[in-house]
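Everything on this sheet refers to the single structure shown next.
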Amino acid sequence: MRLSRSFIPTMKETPAEAQIASHRLMLRAGLVRQTAAGIYAWLPIGYRVLRNIEQIVREEQDAAGAQELLMPTIQSADLWRESGRYEDYGKEMLRIKDRHDRDMLYGPTNEEVISDLFRQSVKSYREMPQILYHIQWKFRDEVRPRFGVMRGREFLMKDAYSFDMDHAGAVVSYRKMMLAYMRTFQRLGLKAIPMVADTGPIGGDLSHEFIILAPTGESQVYYDAAFEEVDYGTSGTGGFNYADAGDLHRFFELMTTNYAATDEKHDEAKWATIAPERKREGRGIEVGHIFYFGTRYTKPLGVTVAGPDGKPVHPEMGSYGVGVSRLVGAVIEASHDEAGIIWPDAIAPFKAAILNLKRGDAACDGLCEQIYARFGSSALYDDREDRAGVKFADADLMGHPWQVVVGPRGAAAGKVELKRRATGERVEVTPEEAIARIG
RNA sequence: CGGGGCGUGGCGCAGCCUGGUUAGCGCGCGUGUUUUGGGUACACGAGGCCGCCGGUUCGAAUCCGGCCGCCCCGACCA
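Written as structure tokens, this is what we have:
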């Protein structure tokens, strides 16, 4: 994309409403604009990042055997009356009426809808187990939205739902999702720690929050330093196989034997047994949450599946959420400096920015066009008629992993400067070498 | 939802208390010159229903009332 023709409104000054780094940088770098309290429009480069994250989440869900579908944003109140949550959910649920005065709502979550879909179609244990997910916009009418997209009212969420014949099966599904989550966060360049968590309004007795550490996190967290060395393998190549219950068990043990809890579940007695030099505490941002809740919905909604003996069984469920839009902010909280964002390669809006320091100079223009042609839409070509300083500042602000700096001095000798955003390291190389190193 | 605060060109703000000629400043934007590897300098210029409605007054950005929106602290939360 050519910056001269793009819609990327960067700002030199920080809008007064933005308090924390990610919010500030998302506004300044032109990723989002607020349209109402806690509601944001995603501008081109912000949307690219959002889709990149979404895609990684999707790939890891698919790898774990979950199937993607798409449920609506608007739901009928009737289903929620069936589960008993219509009255319970409170004012966070946005309730609306259609023209016939029917009670509708903008979904804050989808247990009812997925259970309804499931009960309509799955009748036999032979079709079990199932894990279904979707990536959809949700709305929760938070009393006090803040921190930009980290705590918005409208947000993009991946939510998965597992259905198993019994508790043992549900535990296997739960572990699969835990593994998928750790791989997802690892690919996003985040170090996430699963912590025992409250089950909240959804209910249940087995639940973990996935926390990434950041000074602006909303909760205080405590964990054993052993987590910092845990190796759980990378996607597809790691030592754990989704099809092997033994692997899943080993993985789960690895993730849950070391102490890790948020303040709500913090256990001072257990904490006291940990060696002082291994104690770690700080602030954390919740980026995912998984629950096992058994028959909480399948019973009231009358969901049954025939078992091998022909008798009806209420499936055991779990649900698994990842805050996709929140992750954009969370990644920035975990990866930025005074100059701007530092995107991990996996989710950057562009692999590289090409900075033409002197538009109109034949050598600069030629080299830039040559490099840009090799990357096409995966690079951002700063071809604006602006000063070098402006381009450096914007490139740092937007956080492209690589910057290819093409100035008249080097260009005359057929050289460009390659800068790595994360380290600040710069090297003078040929255009071919720059292209090769960016990959 | 309790407490506090703010709405003035795209962004950041001053002006309001002590109503009074064309509502200012910085950044950004446009044109020209200048500069040419880290947000250059100068000149000229465009751009504002002073959140909305009502009231007081000869006169309201400024005073009064109502409403709306947004932000911060707390409680709450993917």
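To get my numbering, take the position in the first sequence, counting from 1, and add 16.
Beta carbons are placed, not taken as given, at the ideal position from N, Cα and C, and that holds for glycine.
{"Asked": "Starting from the N-terminal side, write out each stretch of the beta strand (DSSP E) that is 3 residues or longer and does not extend beyond the stretch 292-341.", "Found": "295-310 and 332-339"}
{"Asked": "Anyone know if the C-beta pair for ALA37 and HIS352 falls short of 8 Å?", "Found": "yes"}
{"Asked": "Where does SER92 sit, in a helix, a strand or coil, going by DSSP?", "Found": "strand"}
{"Asked": "Which same chain residues, not among the five before or five after GLY252, have their C-beta less than 6 Å away from its C-beta?", "Found": "For GLY252, the pLDDT reaches just 47, beneath the cut-off of 50, and the residue's location in the model is therefore unreliable, although a value from the coordinates is still provided. Once the five neighbours on either side are set aside, GLY252 has no close Cβ partner at all."}
{"Asked": "Check THR253 in the structure and name its three-state DSSP category.", "Found": "Note that THR253 has pLDDT 48, beneath the 50 cutoff, so the model's placement of it is unreliable and the number below is only indicative. Coil at THR253, not helix or strand."}
{"Asked": "Just verifying my parser: in three-state terms, what is the DSSP assignment at SER393?", "Found": "helix"}
{"Asked": "Please report the straight-line C-alpha distance between ARG390 and ILE451, rounded to a whole angstrom.", "Found": "8 Å"}
{"Asked": "Note down, in chain order, each residue of its chain lying with its Cβ closer than 7 Å to the Cβ of ALA57, except the 5 sequence neighbours on either side.", "Found": "VAL48, ARG49 and THR51"}
{"Asked": "What does the Cβ neighbour count give for ARG425, buried or exposed, with the cut at 16 atoms within 10 Å?", "Found": "exposed"}
{"Asked": "Roughly how many whole angstroms lie between the Cα atoms of ARG342 and ASP325?", "Found": "45 Å"}
{"Asked": "In terms of DSSP beta bridges, what is PHE171 paired with?", "Found": "LYS154"}
{"Asked": "Which residue's Cα is closest to the Cα of ARG97: GLN71, GLU128 and LEU86?", "Found": "GLU128"}
{"Asked": "Which one of VAL187, MET181, GLY318 and ALA427 has the shortest CA to CA distance from LEU264?", "Found": "VAL187"}
{"Asked": "Tell me the residue span of the beta strand (DSSP E) that contains PHE226.", "Found": "222-229"}
{"Asked": "Restricting to Cα atoms, I'd like to know which of SER22, ARG101 and SER92 is closest to HIS116.", "Found": "SER92"}
{"Asked": "Determine the extent of the alpha helix (DSSP H) in which ASP240 is found, giving its start and end residues.", "Found": "First-last for ASP240: 235-240, but that is the beta strand (DSSP E), not the alpha helix (DSSP H)."}
{"Asked": "Can you list, in chain order, the residues of its chain whose CB lies under 6 Å from that of ALA53, leaving out five sequence neighbours each side?", "Found": "PRO161"}
{"Asked": "Taking the DSSP output, what are the residues bridged to HIS352?", "Found": "ILE357"}
{"Asked": "What separation, rounded to the nearest whole angstrom, lies between the Cα atoms of VAL73 and GLY339?", "Found": "10 Å"}
{"Asked": "Quick test of the definition: if touching needs 3 or more C-beta pairs under 8 Å, does the stretch 187-207 touch the stretch 304-312?", "Found": "yes"}
{"Asked": "DSSP has PRO210 in a bridge; who is on the other side?", "Found": "PHE226"}
{"Asked": "Using a Cβ-Cβ cut-off of 6 Å (strictly less than) and excluding sequence neighbours within five positions of LEU172, which residues of its own chain qualify?", "Found": "TRP153, VAL340 and SER341"}
{"Asked": "Considering only the beta carbon of each residue, do PRO331 and ILE387 sit closer than 8 Å?", "Found": "no"}
{"Asked": "Starting from ARG101, trace the beta strand (DSSP E) both ways and give me its first and last residue.", "Found": "Element bounds for ARG101: not the beta strand (DSSP E) but the alpha helix (DSSP H), 101-104."}
{"Asked": "Measuring straight from C-alpha to C-alpha, what distance separates LYS113 and TYR122?", "Found": "10 Å"}
{"Asked": "Among the residues of its own chain, which have a CB less than 6 Å from the CB of GLN35, if the five just before and after it don't count?", "Found": "none"}
{"Asked": "Quick one: is ILE301 buried, meaning 16 or more other Cβ sit within 10 Å of its Cβ, or exposed?", "Found": "buried"}
{"Asked": "In whole angstroms, what is the alpha-carbon distance linking GLN146 and GLU75?", "Found": "17 Å"}
{"Asked": "Does GLN35 come out as helix, strand or coil in the three-state DSSP assignment?", "Found": "coil"}
{"Asked": "Could you tell me how far apart the beta carbons of LEU204 and ILE454 are, in whole angstroms, since I believe they sit closer than 8 Å?", "Found": "About 20 Å; that fails the 8 Å criterion."}
{"Asked": "Skipping 5 residues on each side, what residues in its chain have a beta carbon closer than 8 Å to that of ALA194?", "Found": "Looking at the sequence shown, residue 194 is not Ala but Met. The answer, listed in chain order, is PRO210, HIS224, PHE267, PHE268, MET271 and ILE306."}
{"Asked": "Among residues of its own chain, excluding the 5 on either side of LEU19, which ones have a beta-carbon nearer than 7 Å to its beta-carbon?", "Found": "LEU396, TYR397, ASP398, ASP399 and ARG400"}
{"Asked": "For the stretch 369-385 against the stretch 426-444, do three or more pairs of beta-carbon atoms, one drawn from each stretch, fall closer than 8 Å, so that the two count as touching?", "Found": "yes"}
{"Asked": "With distance defined between alpha-carbon atoms, name the residue in PHE163, LYS139, ALA196 and ASP214 nearest to ASP180.", "Found": "LYS139"}
{"Asked": "Between the Cα of LYS174 and the Cα atoms of HIS150, ARG199 and ASP182, which residue gives the shortest distance?", "Found": "HIS150"}
{"Asked": "Is TYR197 helix, strand or coil when you go by DSSP?", "Found": "helix"}
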